[in-house]
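Take a look at the structure below.
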Amino acid sequence: MLHAKLSASGAKKWINCPLSVVLESKMPNEETPYAKEGTLAHELSELKLRRELNLIGKEAYDTEVSKLDYDDEMDKYTDYYCDVVMEIVNKYDRNYSTVRLEEKVDFSPWVPEGFGTSDVIIISDNTAEVVDLKYGKGVKVSADNNPQLMLYALGVLNDYNYICDIKEVNLTIVQPRLDSISSFKINVYDLLEWGETIRVKALKAFNGEGDCVVGKHCDDGFCRARPICKAYADERLKIAKYDFKDPAELSADDIADILGTVDELVRWSKTIKDYALTKALSGEEYKGFKLVEGRSNRTFNIDDSKVLEILKGGGFKESEVCETTLKSLSSLEKMIGKKDFKTMLGSHVIKPMGKPTLVPIDDVRPVYNSAVNDFNNI
Numbered sequence: 004m005l006h007a008k009l010s011a012s013g014a015k016k017w018i019n020c021p022l023s024v025v026l027e028s029k030m031p032n033e034e035t036p037y038a039k040e041g042t043l044a045h046e047l048s049e050l051k052l053r054r055e056l057n058l059i060g061k062e063a064y065d066t067e068v069s070k071l072d073y074d075d076e077m078d079k080y081t082d083y084y085c086d087v088v089m090e091i092v093n094k095y096d097r098n099y100s101t102v103r104l105e106e107k108v109d110f111s112p113w114v115p116e117g118f119g120t121s122d123v124i125i126i127s128d129n130t131a132e133v134v135d136l137k138y139g140k141g142v143k144v145s146a147d148n149n150p151q152l153m154l155y156a157l158g159v160l161n162d163y164n165y166i167c168d169i170k171e172v173n174l175t176i177v178q179p180r181l182d183s184i185s186s187f188k189i190n191v192y193d194l195l196e197w198g199e200t201i202r203v204k205a206l207k208a209f210n211g212e213g214d215c216v217v218g219k220h221c222d223d224g225f226c227r228a229r230p231i232c233k234a235y236a237d238e239r240l241k242i243a244k245y246d247f248k249d250p251a252e253l254s255a256d257d258i259a260d261i262l263g264t265v266d267e268l269v270r271w272s273k274t275i276k277d278y279a280l281t282k283a284l285s286g287e288e289y290k291g292f293k294l295v296e297g298r299s300n301r302t303f304n305i306d307d308s309k310v311l312e313i314l315k316g317g318g319f320k321e322s323e324v325c326e327t328t329l330k331s332l333s334s335l336e337k338m339i340g341k342k343d344f345k346t347m348l349g350s351h352v353i354k355p356m357g358k359p360t361l362v363p364i365d366d367v368r369p370v371y372n373s374a375v376n377d378f379n380n381i
């Protein structure tokens, strides 16, 4: 599949850090298991939506779906996503609206050679809808001023405004595994004004100009260049100024400063180790280090059922060699169904207070109130 040099999905990175495009081009771009899972979810969702919109017959749908290797969980979550999309589609008169799935849009008037593929586009009267599926469950993504969807929206204006007078665009991100639906409305004038603000940044990124700029976009955007980016390393190593002092010697402000960077430092250290291992497997040598075989655990090279058969043949009872445990609460709820689970076991379900943890002040969770504080507040 052809990819744009300045992709919409990577916009958060190249808008904030123009040189990230050059640095990422030096890194391997291997498809991760999470990316493969996301691709599969998109393929399944597209087929389900095509069936809902009568763009494909039942026989053809069944044939295509049978080729996809998905599980019950993905089936459930893609149903959730498709329900959200169809709810948006049905807001408009189907006789006077246009629905496009996996549509390539051209936003090159603002970004050199810029194009991308939008999951769902709906156009009716003076309104356009851009809907995007995020199947991952690691990071919640907001539609509010989301650069990826805003670039898609610019592409919609570029491709369709000559046949309809679009005045407003609604952007929606659906993350079914996080039970999250985020929407953002923007009028065309504000959207075009934003497009002008990124034009210069896009040109710098395309030409490999500018500086490396460190920020949340590095981690939120999963920048592949983090292992080789000096600016990123310098930012992470700022914690070294404390020279591993005893915590008792640090002020509250010092500790607050460290807490703000320690998680990033740990993540960066792991990124460096993973990158070094990958390079070492390709023949790279690092002074003072060598590649060895790690520890492994013994395992059988046959299925458990065959192991059990051999043990039974040796005179052992199944009860002697097998252990049984109750399924997890979540697994039982999924097996029984939420309604019946609540009837049968709901009165026995509790949610203990979570372990206290320090987080940044902008975290949405309420301030921890310990049992001691509860007692003192009586």
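Each residue of the sequence shown is one higher than the last, beginning at 4 in the working numbering.
From the three backbone atoms N, C-alpha and C, an ideal C-beta is built for every residue, glycine too.
Q: Report the partner residues of Thr130 according to the DSSP bridge assignment.
A: Ser127, Glu171
Q. Taking C-beta to C-beta, are Lys8 and Pro115 nearer than 9 Å?
A. yes
Q. Would you report the Cα separation of Phe303 and Ala146, rounded to the nearest angstrom?
A. 48 Å
Q: For Phe187, name the three-state secondary structure that DSSP assigns.
A: strand
Q. Leu47 and Leu26: beta carbons closer than 9 Å?
A. no
**Q.** Cβ pair count under 8 Å reaching 3, the region 126–142 against the region 228–235
**A.** no
Q: Measure the Cβ-Cβ separation of Glu132 and Ile91 and say whether it is below 9 Å.
A: yes
Q: Measure from the alpha carbon of Lys330 to the alpha carbon of each residue in Glu323, Val324, Ile339, then state which is nearest.
A: Ile339
(Q) Mapping the DSSP letters down to three states, classify Gly119 as helix, strand or coil. (A) strand
Q. In terms of alpha-carbon separation, which member of Tyr155, Pro369, Lys354 lies closest to Cys361?
A. Per the sequence presented here, residue 361 reads as Leu, with Cys not at that position. It is Pro369.
Q | Whole runs of the alpha helix (DSSP H) within the region 264–309, excluding any shorter than 4 residues | A | none
Q: Could you tell me which of Glu199, Ile125, Pro21, Asn129 sits nearest to Gly213, measuring between CA atoms?
A: If we check each option's Cα against that of Gly213, Pro21 comes out closest.
Q) Beta-carbon separation of Leu242 and Thr264 under 9 Å? A) For clarity, residue 242 is Ile in the given sequence; the question names Leu instead. One thing to note: Ile242 has its Cβ within 9 Å of the Cβ of Thr264.
Q.
Can you confirm whether the region 153–161 touches the region 43–57 when touching is taken to mean that 3 or more C-beta pairs between the two stretches lie within less than 8 Å?
A. no
Q | Chain-order list of residues whose beta-carbon lies under 8 Å from that of Cys167 (same chain, five-residue window excluded) | A | Ile126, Asp128, Asn129
**Q.** Nearest neighbour of Pro363, chosen from Met347, Ile258, Lys29 [CA to CA]
**A.** Ile258
Q) How many Å lie between His220 and Lys143 at the Cα? A) 14 Å
Q | Leu22, DSSP secondary structure in three states | A | coil
**Q.** Cβ-based neighbour list, Cys226, same chain, cut-off 6 Å, excluding 5 preceding and 5 following
**A.** Excluding sequence neighbours, Cys226 sits near Lys16, Ser23.
Q) Which first and last residues belong to the alpha helix (DSSP H) in which Ser100 is found? A) Ser100 -> not in any alpha helix (DSSP H); beta strand (DSSP E) instead, spanning 100–109.
Q: Thinking Val87 and Val159 are a contact (beta carbons under 8 Å), I'd like their distance in whole angstroms, please.
A: Their Cβ separation, rounded to whole angstroms, is 19 Å, which puts Val87 and Val159 out of contact at 8 Å.
**Q.** For Val177, the three-state DSSP class (helix, strand or coil)
**A.** strand
Q | Asn32 and Ser111 closer than 9 Å at C-beta | A | no
Q. Do Asn164 and Lys188 have their C-beta atoms closer together than 9 Å?
A. no
Q) Around the Cβ of Leu194, are there at least 16 other Cβ atoms within 10 angstroms (buried) or fewer (exposed)? A) In the assembly as shown, Leu194 is a buried residue. Its beta-carbon has 16 or more other beta-carbons within 10 Å.
(Q) Only counting the same chain, and skipping five residues up and downstream in sequence, which positions put a Cβ closer than 6 Å to that of Ala283? (A) Leu294
**Q.** Ranges of the alpha helix (DSSP H) found wholly within the region 311–356, counting only runs of at least 4
**A.** 321–324, 332–339, 341–348
Q.
Please state the DSSP three-state secondary structure of Asp75.
A. In the displayed model, Asp75 falls within a helix according to three-state DSSP.
Q: For Asp86, name the three-state secondary structure that DSSP assigns.
A: helix
Q: Could you tell me if Arg239 is buried or exposed, where buried requires 16 or more neighbouring beta carbons within 10 angstroms of its beta carbon?
A: buried
Q. Is it true that the CB of Glu49 sits closer than 9 Å to the CB of Asp122?
A. yes
(Q) Between the alpha carbons of Ala38 and Leu56, how many angstroms are there, rounded? (A) 27 Å
Q: Please check the pair Val203 and Tyr84, which I expect to be a contact at CB under 8 Å, by giving their CB distance rounded to whole angstroms.
A: 36 Å between Cβ atoms; not a contact.
Q.
Can you tell me which residues form a DSSP beta bridge with Leu136?
A. Val177
Q.
Less than 9 Å between the beta carbons of Tyr235 and Val217, yes or no?
A. Val217 sits close to Tyr235, with the two beta carbons spaced by under 9 Å.
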